[in-house]
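In the UniProt record's numbering, the protein residues as written are 1 to 380.
This report refers to the structure that appears directly beneath it.
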């Protein structure tokens, strides 16, 4: 098969800081493969793939900072908000990533690179400056845009909302290089499973159900919030999902107060779409990806302990959209009453919300736009 006849190859580069960036890459890849099965897509978390010793070390240090000093993270986010990567960060990226990234690109020979995190975005931009000619699309996976996302070498930006588009234009990005596509979610989040059947399969009871997620890294739950929720357990089923934090899961399993027939403790799962289907309310940190998945499922959301910076911006966006509320004792009391006394109305509202359209509620729109761009801007 000649060079021009070979299947198109798309390389999607992410980074492991939080789970949302990589989930967005996999979601976009799945959407594109569904629309064009001939397409070859490869998703790589650049740091862990290129430097398995250094990648987890950096990731671990960042996790600890987020857990122990969220205010510091917020301060750094705001202080650096209008600055691109500083010289030290660029030097670190150069030492860890550039040479090996160039090798990977030479080996995989992609027709298009899509970045869903600022670090690989900076790496690929530099390689393009050094003469590697591969089109670069950058998918911004939050509802805000930090300056580290912005590079002159990016051919096209895909963003969540018109507000993020305007922020990019203010940073000097050309209007025809920015498209509002919403953040892609995996095709399974656009399907709505049978609630009764799924509850049976997952071993849940047919009663009001709340899903409480601790974030992709399993950041510990707020004790005050937990205590308030535990008082619901006689009337409302509670599913606690600790993500990849196995230590937290084991700690919760050994806690006598969580030993209740209506309390389910769940670790990492690949089927969070099904757990959203069987739940009537989602309590979560406002990560961009989780919020977008919740929006696709039409599940009402309550946000707690946003990491200062982009999570705060994400939370504000969804609250203004009317899809979520910030958590408080008053809000929790109102939801307890709704779930116990107005449950039929809660279920009806959920059905209406699932059917509604809005930003980020068009299945495969982002994937369609990437495929259209690929067809238009690369040789056949």
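By construction, the Cβ of each residue, glycine as well, lies at the ideal position given by its N, Cα and C atoms.
Since the model is a prediction, treat every value here as computed from it, not as a measurement.
- The residues 185 and 189, in chain order, have a CB closer than 6 Å to that of residue 293 in the same chain once the five nearest residues on each side in sequence are set aside.
- Excluding its 5 nearest sequence neighbours in each direction, residue 144 has C-beta neighbours in its own chain below 6 Å: 310 and 313, listed in chain order.
- Its chain contains 209, 210, 211, 239 and 299 as the residues whose beta carbon lies nearer than 7 Å to that of residue 279, once the 5 sequence neighbours on both sides are disregarded; these appear in chain order.
- Assigned with DSSP and collapsed to three states, residue 341 falls in helix.
- Checking the DSSP bridge columns, you'll see residue 179 partnered with 158.
- Contact between the stretch 317-337 and the stretch 175-182 is absent: fewer than three C-beta pairs spanning the two stretches fall below 8 Å.
- Cβ-Cβ separation between residue 192 and residue 353: approximately 11 Å, too far for a contact (criterion under 8 Å).
- Remark: C-beta atoms of residue 105 and residue 136 do not approach each other more closely than 8 Å.
- For the pair of segments examined, the stretch 21-39 was found to touch the stretch 369-380: the number of CB pairs separated by less than 8 Å reaches three.
- Using a 10 angstroms sphere on the CB of residue 99, the tally of other CB atoms stays under 16, which defines it as exposed.
- As computed with DSSP, residue 237 is found in a beta bridge with 209.
- Around the beta carbon of residue 231, fewer than 16 other beta carbons sit within 10 angstroms, so the residue counts as exposed.
- The C-alpha of residue 147 lies about 36 Å from the C-alpha of residue 277.
- Residue environment: residue 23 is assigned as buried (16 or more neighbouring CB atoms within 10 Å of its CB, all protein chains considered).
- According to the DSSP assignment, residue 14 belongs to no alpha helix (DSSP H) but to the beta strand (DSSP E) extending over 9-14.
- Between residue 268 and residue 283, the C-beta gap is not smaller than 8 Å, which leaves the two residues out of contact.
- By the C-beta criterion, the stretch 113-125 is judged to be in contact with the stretch 152-159, since at least 3 inter-stretch pairs fall below 8 Å.
- For residue 362, the secondary structure class from DSSP, reduced to helix, strand or coil, is coil.
- In the structure shown, the three-state DSSP call for residue 204 is coil.
- Rounded to whole angstroms, the Cβ separation of residue 16 and residue 141 is 13 Å, and the two are not in contact under 8 Å.
- With fewer than 16 neighbouring CB atoms inside 10 Å of its own CB, residue 322 falls in the exposed class.
- Rounded to the nearest angstrom, the Cβ distance from residue 30 to residue 187 is 6 Å, consistent with a contact under 8 Å.
- Membership of residue 136 in the beta strand (DSSP E) is indicated by the continuous run 136-139.
- Annotation: residue 235 to residue 339 spans about 9 Å, alpha carbon to alpha carbon.
- In this structure residue 261 is exposed. Its beta-carbon is surrounded by fewer than 16 other beta-carbon atoms within 10 angstroms.
- One thing to note: residue 14 has its Cβ no nearer than 8 Å to the Cβ of residue 110.
- In this structure, residue 318 places its C-beta atom within 8 Å of the C-beta atom of residue 286.
- Its Cα nearest to that of residue 224, the residue 332 stands out among 375, 20 and 332.
- It is roughly 25 Å from the alpha-carbon of residue 194 to the alpha-carbon of residue 337.
- Shown here, residue 40 sits in a strand according to DSSP, grouped into three states.
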